[in-house]
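Novice: Numbering (our numbering), first residue to last: 1175 to 1428.
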Ligand SMILES: [Cu+2]
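Printed below as a string of structure tokens:
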């Protein structure tokens, strides 16, 4: 028997076995002069396909990098609700052309179901005023996906490639989880195995994924920190996620 699992039925059974993602979603990722000069950014910790929210505590860092310069934006975050859970939002004014990389480091999240702490270093790239300079910027995060495909101006169906790094070094055969942000809840997975897809990087830490549909896609490369963390006096594993959010545009022949 085939069971069609929709976002709604998943929400009803409140499955927690699927992947959570740090999320930074901008209102626009290719901003033109006509679009105005500001974008809104929404930060959350969520199950993006199922539309199930989790609490995002105030992150340790939230910053923007442009032209090699990083600016702290932590103080600009406003409380908001994302998928009925605490998240943050802010408006940001794009003063100059080029690529703006928004990144956050959340506080480590204790996940009893996994008996581990989780920290998802999360980022997304926004191009301003038709200028893609800096699209391949590496921020030097603890763990990071460095894009090999320009992380905007992509068609649905394009192959997305990135290199997984941990402490600045490529991670051979790194595991990467891929998930669609099912914003309007219309996407359905024929099996819960397809809510989060899992791929591996090659021997050089490079992964590839052909994106089937337009919209926001999250890529999370998962590694375990060398240093455990303490929970109630016991050593627990600390999962380090390198997350990148990338938007793909609908192909249109019109
Ligand atoms: Cu979760």
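Yeah, the Cβ is synthetic: ideal placement off N, Cα and C, and Gly gets one too.
For residue 1389, which three-state DSSP category applies?
Specialist: Of the three classes helix, strand and coil, the one that applies to residue 1389 here is strand, per DSSP.
Novice: List in chain order the residues whose CB is within less than 5 Å of at least one heavy atom of ligand 1.
Specialist: In chain order, the hits are 1194 and 1228.
Novice: Note the first and the last residue of the continuous beta strand (DSSP E) segment covering residue 1244.
Specialist: Here the beta strand (DSSP E) through residue 1244 covers 1243-1246.
Novice: If we require 3 or more residues per run, which beta strand (DSSP E) segments fall completely within the segment 1326-1408?
Specialist: Those beta strand (DSSP E) runs which fall completely within the segment 1326-1408 and span 3+ residues are 1333-1340, 1349-1354, 1371-1374, 1380-1384, 1389-1398 and 1403-1405.
Novice: Check the C-beta distance from residue 1350 over to residue 1381 and give it rounded, since I have them as a contact under 8 Å.
Specialist: Residue 1350 to residue 1381, Cβ: 5 Å. Contact.
Novice: With three or more beta-carbon pairs closer than 8 Å as the criterion, would you say the segment 1395-1403 touches the segment 1354-1362?
Specialist: These segments do not touch.
Novice: Helix, strand or coil for residue 1252 per DSSP?
Specialist: In the structure shown, residue 1252 sits in a strand (DSSP, three-state: E or B).
Novice: Quick one: what's got a C-beta closer than 6 Å to residue 1218's C-beta in the same chain, skipping five residues either side?
Specialist: Closer than 6 Å at Cβ, skipping near neighbours: 1197, 1230, 1256 and 1261.
Novice: Report the start-end ranges of each alpha helix (DSSP H) in the segment 1232-1312 that is 4 residues or longer and not cut off at the edges.
Specialist: List check, alpha helix (DSSP H) in window: nothing returned.
Novice: Would you mind stating whether residue 1289 and residue 1374 have Cβ atoms separated by less than 8 Å?
Specialist: No. Outside cutoff.
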